[in-house]
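Enquirer: Got a structure for you, written out below as structure tokens; questions coming shortly.
Protein chains: 2
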Amino acid sequence: MSHFLRLVRPVDGSWMRMTNLSVVLAAIVDHGGVSRATLARETGLNKATVSSLAEELGELGWVRAGGQDQGALGRPSELLEPNPGRGVIIGTEINVDYLAVLVSDPAGAQRALVIEELDVATTSPGDAIERLAALMRTGLEQAAVAPADVLGLGLGVPGVVDVDRRLLVAANLGWRSVDVDDMLRRAVHGFLDEDLPVLIENEANLGAVAEQTYGIGARFEDFVYLSGELGVGAGVVTAGELLRGTHGAAGEVGHITVDPAGARCHCGKYGCWQVFVSQGAVLDRFREASGSRDGARPGPRPEDILAAAETGDAAAVETLATLDRYLAIGVGNLVEMYDPNAVVLGGFYSTMYRERVDELRTEVASWVMDAFGRELSIELSTHGQDACIWGATGGMLRSLIANPRHAAALDGLRA
Amino acid sequence: MSHFLRLVRPVDGSWMRMTNLSVVLAAIVDHGGVSRATLARETGLNKATVSSLAEELGELGWVRAGGQDQGALGRPSELLEPNPGRGVIIGTEINVDYLAVLVSDPAGAQRALVIEELDVATTSPGDAIERLAALMRTGLEQAAVAPADVLGLGLGVPGVVDVDRRLLVAANLGWRSVDVDDMLRRAVHGFLDEDLPVLIENEANLGAVAEQTYGIGARFEDFVYLSGELGVGAGVVTAGELLRGTHGAAGEVGHITVDPAGARCHCGKYGCWQVFVSQGAVLDRFREASGSRDGARPGPRPEDILAAAETGDAAAVETLATLDRYLAIGVGNLVEMYDPNAVVLGGFYSTMYRERVDELRTEVASWVMDAFGRELSIELSTHGQDACIWGATGGMLRSLIANPRHAAALDGLRA
DNA sequence: TTAGTTTGTTTGGCAGCCATACTAAGTCTG
DNA sequence: CAGACTTAGTATGGCTGCCAAACAAACTAA
Chain F
245 MSHFLRLVRP VDGSWMRMTN LSVVLAAIVD HGGVSRATLA RETGLNKATV
295 SSLAEELGEL GWVRAGGQDQ GALGRPSELL EPNPGRGVII GTEINVDYLA
345 VLVSDPAGAQ RALVIEELDV ATTSPGDAIE RLAALMRTGL EQAAVAPADV
395 LGLGLGVPGV VDVDRRLLVA ANLGWRSVDV DDMLRRAVHG FLDEDLPVLI
445 ENEANLGAVA EQTYGIGARF EDFVYLSGEL GVGAGVVTAG ELLRGTHGAA
495 GEVGHITVDP AGARCHCGKY GCWQVFVSQG AVLDRFREAS GSRDGARPGP
545 RPEDILAAAE TGDAAAVETL ATLDRYLAIG VGNLVEMYDP NAVVLGGFYS
595 TMYRERVDEL RTEVASWVMD AFGRELSIEL STHGQDACIW GATGGMLRSL
645 IANPRHAAAL DGLRA
Chain A
245 MSHFLRLVRP VDGSWMRMTN LSVVLAAIVD HGGVSRATLA RETGLNKATV
295 SSLAEELGEL GWVRAGGQDQ GALGRPSELL EPNPGRGVII GTEINVDYLA
345 VLVSDPAGAQ RALVIEELDV ATTSPGDAIE RLAALMRTGL EQAAVAPADV
395 LGLGLGVPGV VDVDRRLLVA ANLGWRSVDV DDMLRRAVHG FLDEDLPVLI
445 ENEANLGAVA EQTYGIGARF EDFVYLSGEL GVGAGVVTAG ELLRGTHGAA
495 GEVGHITVDP AGARCHCGKY GCWQVFVSQG AVLDRFREAS GSRDGARPGP
545 RPEDILAAAE TGDAAAVETL ATLDRYLAIG VGNLVEMYDP NAVVLGGFYS
595 TMYRERVDEL RTEVASWVMD AFGRELSIEL STHGQDACIW GATGGMLRSL
645 IANPRHAAAL DGLRA
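Protein chains in written order, with the working numbering: chain F, 245 to 659; chain A, 245 to 659.
Okay, here's the thing in structure tokens:
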């Protein structure tokens, strides 16, 4: 019953206003500085309407007058720009061996970035989140921003996050069914606002959001962001929207089967993709192929394989070729399944293919059935290691822009 | 530039009205007969607004007064119901060996169903579409409906259809880059309205739409409809929306690699999923396994395998076990990638698993990495062979409901 | 200095939703 | 059976918010 109701939801005047505020604010943030007349042309809204919306955005503190812009002819325009005094967004990340906090403003300017190494797998969720909260204080101090000026908080975790912001599982942290939202709010209690907007999302998904908001993904309506560190994960954007699925686990591609005869994965299945292409798997293969002559030395790093391959080292060359092949098989599957415009290589892969994208493009071509002349780009991430925190920030920014009236930190404005 | 603008589009009063007309019409179609008061409660719109919207829907011919409904207490309500005289939707299908036309009204009542066998692979696109147009005339005659009363036309094809309704490729028909929209409009020129709304979509995608609109899919927000005849295709619904991808090829899962050591597919790759689980592959395997003792007999049908397995025939049992295994591997991949609530077995699979779903459920469980207690149903299609035409109809219906003012066939109303 | 061009504001009108009051049509109770 | 109660639907008036058009402002060009 009621399946058609899902088509759309009813709309009233206040929703209309809110939507149009969003549209104009988004355009202003996007341009950085833009006149009312241009906004009217670009959005299709009436000039008078744009003026009214811009005035409200000014009162809300989102927007301020910038400089003037003199065209070839006519009255010069007054530029509207995002108000840097509006507040900041905190983007954070909990990963296997570090915590990270980024403080930035809605225009995308970085105010502070702090990182703390931590073996999260041996830390309880509660403790890790406490330390993350402490790191946020440090970040705000460095940025010289008062806690009351925080507009929203984003957090990326290497696990599956459901629609209620519960972390269902994070295999590499050893966490299961953790109410991260609740813990986070407790940890920042008395420090940040009680009902601060909070976004919690999977790390690969946020990588995709980072590329979509601040990076190369802005060029594509449908793309797959591929990230691999200990496991392999993908963030999928289709029709401009992040694909989440029922549990938020869409794009958890590490355990797709690419070869049932492959080695056993720790998940119990055989031939999972990440058995072939995760960072750990690749480094292991390289170590084995190069023999145990340097058994005492610390494990190789990704760069070591690239450097060795440069010199013609057989083990390195073979390792890279195998990676190319299995990465291409999996990417081929992603392409057939999601039909994206582009695949963006992030994390480990952005390191491994910085100079070798063409090799991968060639290999992928032979593993994608293309009967109709696909448009498919394979690109390198523009964010590298920082993708997750920028995605946490960008996701929060989108959420704030979608609700310009509900933003926190209005106290200063009211006073 | 302008990536944030994609968040939402600006809204004005007429858009608001249109949206609310849609909401109310959708609810009326969905219920079949419902009072204004109930509509107000369910949609959250004001009673007065619902009355006004309902009046306009009446003027547009979409809705008429049905009977009365006396509750336990109070004034009886007047039921609003879809107007069966509003017109009909034609849902059609071009498949490898037949054409099909379904005539039905917006309430979902079937008025006529005609099917014509045709070896489409040896027929040119133009000829096939001409014959489809002829079949539509037959269907309308059988339904005793005038061509002017056709509200919209949907067509399903076993191929990739892009956003401009071009058929990019249909391997099993041997068609490539066919402007089906244009051909169809020419074929019905002078018979159906010049600017009749037309929907052209991939067959598996329409299977998903059929289940979503009229079948078991209505229970799920995210599900994958799996259809297999000559190839294997999936229609994916996420967040209540059909996933199409850049070229409309999302869910074309027949050529994902499930075993690089597998047999060569006609596409040139090795170990494509459809090499293991398509109807043709399964029948072939059964034939080989049962030996060539009956080489002269016509090939087995799907039912023959099931019947043989019932009697304990070793070849049949082995064939089914292999199908279970490889179907489960692929379904596992789909589940990891799309994270659906449900997988709906359509086409060939709805035949093969009608009595054996539990076997597949068990097998799938061992090929899905489930670290967090997934909710996943595996269900049989409710539509079987007719999924595609009902999907073409349902898709067109959704499109009409989304634009209640733009519907065709208003001439009769105006006169 | 005047005409032309572009920007942004002001004014008035209109569409559309909502709250409220009211009418309509039934059931329930004493 | 009359009056209280309940629910459905309509009518009225108000408010919000968009738009069109006129206007004021600020500049260039001749």
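For every residue, glycine included, the Cβ atom is placed at its ideal position computed from N, Cα and C.
1) Residues in the same chain with beta-carbon distance under 7 Å from residue 342 of chain A, minus the five sequence neighbours each way, listed in chain order, please.
2) Residues bridged to residue 446 of chain F by DSSP?
3) Taking 7 Å as the limit between beta carbons, can you name the residues of its chain near residue 597 of chain F, skipping five residues before and five after?
4) Between the stretch 579 to 601 of chain A and chain F, which residues of the former have CB atoms less than 7 Å from a CB of the latter, in chain order?
5) For residue 514 of chain F, which residues does DSSP report across the bridge?
6) Rounded to whole angstroms, what is the Cα-Cα separation between residue 257 of chain A and residue 451 of chain A?
7) Show which residues of chain A have a CB atom less than 7 Å away from the CB atom of residue 618 of chain F.
8) Near residue 263 of chain F, which residues of its chain fall below 6 Å by C-beta distance, leaving aside the five closest residues on each side in sequence?
9) Is there contact here, the stretch 363 to 377 of chain F with the stretch 386 to 398 of chain F, by at least three beta-carbon pairs under 8 Å?
10) Are the CB atoms of residue 454 of chain F and residue 638 of chain F within a distance shorter than 8 Å?
11) Should residue 497 of chain F be flagged as near chain A, meaning a C-beta pair shorter than 8 Å?
12) Kindly indicate if chain F contains any beta-carbon less than 8 Å away from that of residue 640 of chain A.
13) Between the C-alpha atoms of residue 376 of chain A and residue 561 of chain A, what's the straight-line distance to the nearest angstrom?
14) Quick one: measure Cβ to Cβ for residue 607 of chain A and residue 568 of chain A, integer angstroms, because I've assumed they're closer than 8 Å.
15) In the DSSP assignment, find the alpha helix (DSSP H) that holds residue 460 of chain A and state where it starts and stops.
16) Quick check on DSSP: helix, strand or coil for residue 303 of chain F?
17) Would DSSP call residue 335 of chain A helix, strand or coil?
18) Could you name the residues of the same chain whose beta carbon sits closer than 7 Å to that of residue 646 of chain A, not counting the 5 residues immediately before and after it, in chain order?
19) Whole angstroms is fine: what's the gap from residue 628 of chain F's alpha carbon to residue 530 of chain A's?
20) Going by the CB atoms, is the gap between residue 591 of chain F and residue 660 of chain F shorter than 8 Å?
21) With 8 Å set as the bound, which would you pick, yes or no: does the beta-carbon of residue 419 of chain A sit closer than that to a beta-carbon of chain F?
22) For residue 400 of chain F and chain A, any beta-carbon pair shorter than 8 Å?
23) Consider the Cβ of residue 427 of chain A: report whether some Cβ of chain F lies at a distance smaller than 8 Å.
24) With DSSP run on the structure shown, which of helix, strand or coil describes residue 280 of chain A?
25) Could you list which residues in chain F have their beta carbon closer than 8 Å to that of residue 609 of chain A, in chain order?
26) In the stretch 500 to 524 of chain A, which residues sit with their C-beta less than 7 Å from some C-beta in chain F, listed in chain order?
27) State the Cα-Cα distance for the pair residue 276 of chain A and residue 287 of chain A, rounded to the nearest angstrom.
28) Any contact between the stretch 515 to 535 of chain F and the stretch 479 to 496 of chain F? By contact I mean 3 or more CB pairs, one from each, below 8 Å.
29) Using a beta-carbon distance below 8 Å, is residue 415 of chain F in contact with chain A?
30) Would you call the stretch 283 to 298 of chain A and the stretch 268 to 275 of chain A in contact, with 3 or more CB pairs under 8 Å?
31) Quick check: is the beta carbon of residue 540 of chain F nearer than 8 Å to any beta carbon in chain A?
32) To be precise: take each residue of the stretch 310 to 339 of chain A, compare its Cβ to all Cβ atoms of chain F, and keep it if any distance is under 7 Å. Which residues remain?
33) So residue 566 of chain A is in the alpha helix (DSSP H); what residue range does that whole segment cover?
34) Let me confirm a value: residue 279 of chain F is counted as buried when at least 16 other C-beta atoms fall within 10 Å, else exposed. Which label applies?
35) Please decide whether residue 573 of chain A counts as near chain F, where near means a Cβ-Cβ distance under 8 Å.
36) 8 Å is my cut-off, CB to CB: does residue 255 of chain F come that close to chain A?
Expert: Let me lay it out:
1) To locate residue 342 of chain A, count along the second sequence from 1; it is residue 98. Excluding positions up to five away in sequence, the list reads 359, 360, 361 and 362.
2) On the first sequence, position 202 is the one that residue 446 of chain F refers to. Beta-bridge pairing links residue 446 of chain F to F:401.
3) The sequence position of residue 597 of chain F within the first sequence is 353, counting from 1. Sequence-distant partners of residue 597 of chain F (beyond 5 residues in either direction) whose C-beta falls short of 7 Å from its own C-beta, in its chain, are 589, 604 and 624.
4) Of all residues in the stretch 579 to 601 of chain A, 580, 581, 582, 583, 584 and 585 have a Cβ within less than 7 Å of some Cβ in chain F.
5) Position 270 of the first sequence holds residue 514 of chain F. Answer by DSSP bridge pairing, in chain order: F:508.
6) As a first step, residue 257 of chain A is located in the second sequence; it is residue number 13 there, counting from the start. As a first step, residue 451 of chain A is located in the second sequence; it is residue number 207 there, counting from the start. Whole-angstrom Cα-Cα distance: 36 Å.
7) By one-based count along the first sequence, residue 618 of chain F stands at place 374. The contacting residues are 491.
8) To locate residue 263 of chain F, count along the first sequence from 1; it is residue 19. Closer than 6 Å at Cβ, skipping near neighbours: no residue.
9) Touching, no, given that fewer than three Cβ pairs across the two stretches are closer than 8 Å.
10) Position 394 of the first sequence, counted from the start, is the residue given in the question as residue 638 of chain F. Position 210 of the first sequence, counted from the start, is the residue given in the question as residue 454 of chain F. Contact: yes.
11) For the purposes of this step, residue 497 of chain F is identified with residue 253 of the first sequence, where counting begins at 1. Closer than 8 Å: yes.
12) As a working mapping, residue 640 of chain A is identified with position 396 in the second sequence. Chain F contact via Cβ: absent.
13) If you number the second sequence from 1, residue 376 of chain A lands on position 132. If you number the second sequence from 1, residue 561 of chain A lands on position 317. Approximately 40 Å, taken between the alpha carbons.
14) One-based indexing of the second sequence puts residue 607 of chain A at position 363. One-based indexing of the second sequence puts residue 568 of chain A at position 324. With a beta-carbon spacing of about 5 Å, residue 607 of chain A and residue 568 of chain A fall inside the 8 Å limit used to define contacts.
15) Residue mapping note: residue 460 of chain A aligns to position 216 of the second sequence, counting from 1. That residue, residue 460 of chain A, is in no alpha helix (DSSP H); it is neither H nor E in DSSP.
16) Taking the first sequence and counting its residues from 1, one reaches residue 303 of chain F at position 59. Helix, per DSSP.
17) Numbered from its first residue, the second sequence carries residue 335 of chain A at position 91. Residue state, collapsed to three classes: strand.
18) Along the second sequence, one-based indexing puts residue 646 of chain A at 402. The beta carbon of residue 646 of chain A sits closer than 7 Å to the beta carbons of 266 from its chain, once the five residues preceding and following it are set aside; these are given in chain order.
19) The count along the first sequence starts at 1 and reaches residue 628 of chain F at position 384. The count along the second sequence starts at 1 and reaches residue 530 of chain A at position 286. Rounded to the nearest angstrom, the two C-alpha atoms are 51 Å apart.
20) For chain F, the structure presents residues 245 to 659; residue 660 of chain F sits outside this window and is missing.
21) Reading the second sequence from its first residue, position 175 is the one you call residue 419 of chain A. Chain F, which has no Cβ nearer than 8 Å to the Cβ of residue 419 of chain A, makes this no.
22) Here residue 400 of chain F refers to the residue found at position 156 of the first sequence. At least 8 Å separates the CB of residue 400 of chain F from every CB of chain A.
23) The residue given as residue 427 of chain A occupies position 183 in the second sequence. Chain F, which has no Cβ nearer than 8 Å to the Cβ of residue 427 of chain A, makes this no.
24) Counting from one through the second sequence, the residue named residue 280 of chain A turns up at place 36. Reduced to three states, the DSSP call for residue 280 of chain A is helix.
25) The residue you call residue 609 of chain A lines up with position 365 of the second sequence. The contacting residues do not exist; residue 609 of chain A stays about 11 Å from chain F at best.
26) Residues passing the 7 Å Cβ filter: 500, 501, 502, 503, 504, 505, 511 and 513.
27) Locating residue 276 of chain A in the second sequence gives position 32, counting from the first residue. Locating residue 287 of chain A in the second sequence gives position 43, counting from the first residue. Whole-angstrom Cα-Cα distance: 16 Å.
28) Judged by Cβ distances under 8 Å, the stretch 515 to 535 of chain F makes no contact with the stretch 479 to 496 of chain F, as fewer than three pairs qualify.
29) Your numbering for residue 415 of chain F matches position 171 in the first sequence. At a cut-off of 8 Å between beta carbons, residue 415 of chain F contacts chain A.
30) Note that the stretch 283 to 298 of chain A touches the stretch 268 to 275 of chain A; at least 3 beta-carbon pairs, one per stretch, sit closer than 8 Å.
31) Position 296 of the first sequence, counted from the start, is the residue given in the question as residue 540 of chain F. No answer about residue 540 of chain F holds up, because its pLDDT of 47 lies below 50 and its placement is not dependable.
32) Correct list: empty, as no residue qualifies.
33) Locating residue 566 of chain A in the second sequence gives position 322, counting from the first residue. Taken as a continuous stretch (DSSP letters only), the alpha helix (DSSP H) holding residue 566 of chain A covers 558 to 582.
34) Here residue 279 of chain F refers to the residue found at position 35 when the first sequence is read from its first residue. Flag for residue 279 of chain F reads buried.
35) Residue mapping note: residue 573 of chain A aligns to position 329 of the second sequence, counting from 1. Using a Cβ-Cβ cut-off of 8 Å, residue 573 of chain A counts as an interface residue toward chain F, since at least one Cβ of chain F sits closer than that to its own.
36) Working through the first sequence from its first residue, we reach residue 255 of chain F at position 11. True, the Cβ-Cβ gap to chain A drops below 8 Å.
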